[in-house]
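**Student:** The structure under discussion is supplied below as structure tokens; questions concerning it will follow.
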């Protein structure tokens, strides 16, 4: 009798893990593809804002990858993956800040139309991810963190759209550089928090890691 019940619980958990993995894989692929689209468009459009927003897409992709890696595993495995995630995000955020600095020195002419369309596409992707994760937001902590990330990212996308409108309206690059700096700082803070939390988990001082940007 107990063996049968145990098997039922095990099967139910396996089904939940499988469903969680499918959901995380879906949002991971959406964010990963959008990262490449937005990053390439950012370079073509000379937009630090798009490049920074693509970094945020990559950061989310890494968060989802860590969450996938952690499904059904002990917390120490998630901690090790999160440390790598945080270090990579830190390096990329610093690169974006460097890009902003060199554009401040040498100047840039961001293409506001391309900024607007690509940021709008990124917003659509995050709305889709938000909708996919919504029904599971009160379940597993990894899914909830992913849902919060998508919610915060929509605000960043809106910021890039606003900066594109301002670039077009005043014919100046500073709104693009400002939103890029804000996004890079948000990602950098998140990365440092991830690293700190991961080390605390490994030391037994915490039981979970803050993985969301923002």
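Residue numbers (my numbering): 1 to 214.
From the three backbone atoms N, C-alpha and C, an ideal C-beta is built for every residue, glycine too.
(1) Less than 8 Å between the beta carbons of residue 37 and residue 118, yes or no?
(2) Under the three-state reduction of DSSP, which class applies to residue 108: helix, strand or coil?
(3) Take every Cβ of the segment 94-113, pair it with every Cβ of the segment 190-207, and state whether three or more of those distances are shorter than 8 Å.
(4) Considering just the uninterrupted stretch of the alpha helix (DSSP H) at residue 202, what are its terminal residues?
(5) Compute the Euclidean distance between the alpha carbons of residue 93 and residue 188, then round it to the nearest angstrom.
(6) Tell me the DSSP secondary structure of residue 38 in three-state form.
(7) Measuring alpha carbon to alpha carbon, tell me which of 65, 82 and 95 ends up nearest residue 185.
(8) What is the DSSP secondary structure of residue 171, reduced to helix, strand or coil?
(9) Beta-carbon within less than 7 Å of residue 126's beta-carbon, same chain only, minus the 5 sequence neighbours each way: which residues are those?
(10) Judging by CA-CA distance, which residue of 194, 196, 162 and 169 is the nearest neighbour of residue 180?
(11) Rounded to whole angstroms, what is the Cα-Cα separation between residue 35 and residue 76?
(12) Mapping the DSSP letters down to three states, classify residue 54 as helix, strand or coil.
(13) Three-state secondary structure (DSSP) at residue 9?
(14) Please state the DSSP three-state secondary structure of residue 47.
(15) Is the Cβ-Cβ distance between residue 28 and residue 132 less than 8 Å?
(16) Relative to the C-alpha of residue 63, which candidate in 168, 124, 178 and 148 has its C-alpha closest?
(17) By the 10 Å Cβ neighbour count, where 16 or more other Cβ atoms means buried, how is residue 31 classified, buried or exposed?
(18) Would you call the CB atoms of residue 54 and residue 177 closer than 8 Å?
(19) Quick one: using the 10 Å Cβ neighbour count with 16 as the cut-off for buried, is residue 135 buried or exposed?
(20) Once DSSP output is grouped into helix, strand and coil, what is the label at residue 135?
(21) Out of 66, 57 and 100, point me to the one whose CA is closest to residue 174's CA.
**Tutor:** This is what the structure gives:
(1) For residue 37 and residue 118, yes; Cβs fall inside 8 Å.
(2) If DSSP states are grouped into helix, strand and coil, residue 108 belongs with coil.
(3) Result no; under three Cβ-Cβ pairs closer than 8 Å.
(4) Taken as a continuous stretch (DSSP letters only), the alpha helix (DSSP H) holding residue 202 covers 174-202.
(5) Taking the straight line joining both Cα atoms gives about 6 Å.
(6) Residue 38 falls in the helix class under three-state DSSP.
(7) Checking every option, the nearest Cα to that of residue 185 belongs to 95.
(8) Coil, per DSSP.
(9) Leaving aside the five residues that flank residue 126 on each side, the residues in its chain whose CB is nearer than 7 Å to its CB run, in chain order, 150, 153, 154 and 157.
(10) Of the candidates 194, 196, 162 and 169, the residue whose Cα lies closest to the Cα of residue 180 is 162.
(11) About 28 Å.
(12) Here residue 54 sits in helix by DSSP.
(13) Low local confidence applies: a pLDDT of 47 at residue 9 is under 50, so the model's placement there is unreliable, with the coordinate-based value given in what follows. If DSSP states are grouped into helix, strand and coil, residue 9 belongs with the helices.
(14) Coil.
(15) No, Cβ-Cβ distance for residue 28 and residue 132 is not below 8 Å.
(16) Measuring from the Cα of residue 63, the nearest candidate turns out to be 148.
(17) Under a 10 Å Cβ-count criterion, residue 31 is classified as buried, with 16 or more other Cβ atoms of the shown protein chains found around its own Cβ.
(18) No, they are not a contact pair.
(19) Exposed, because fewer than 16 other Cβ atoms sit within 10 Å of the Cβ of residue 135.
(20) In the structure shown, residue 135 sits in coil (DSSP, three-state: anything other than H, G, I, E or B).
(21) Distance check between residue 174 and each of 66, 57 and 100 places 100 closest, using alpha-carbon atoms only.
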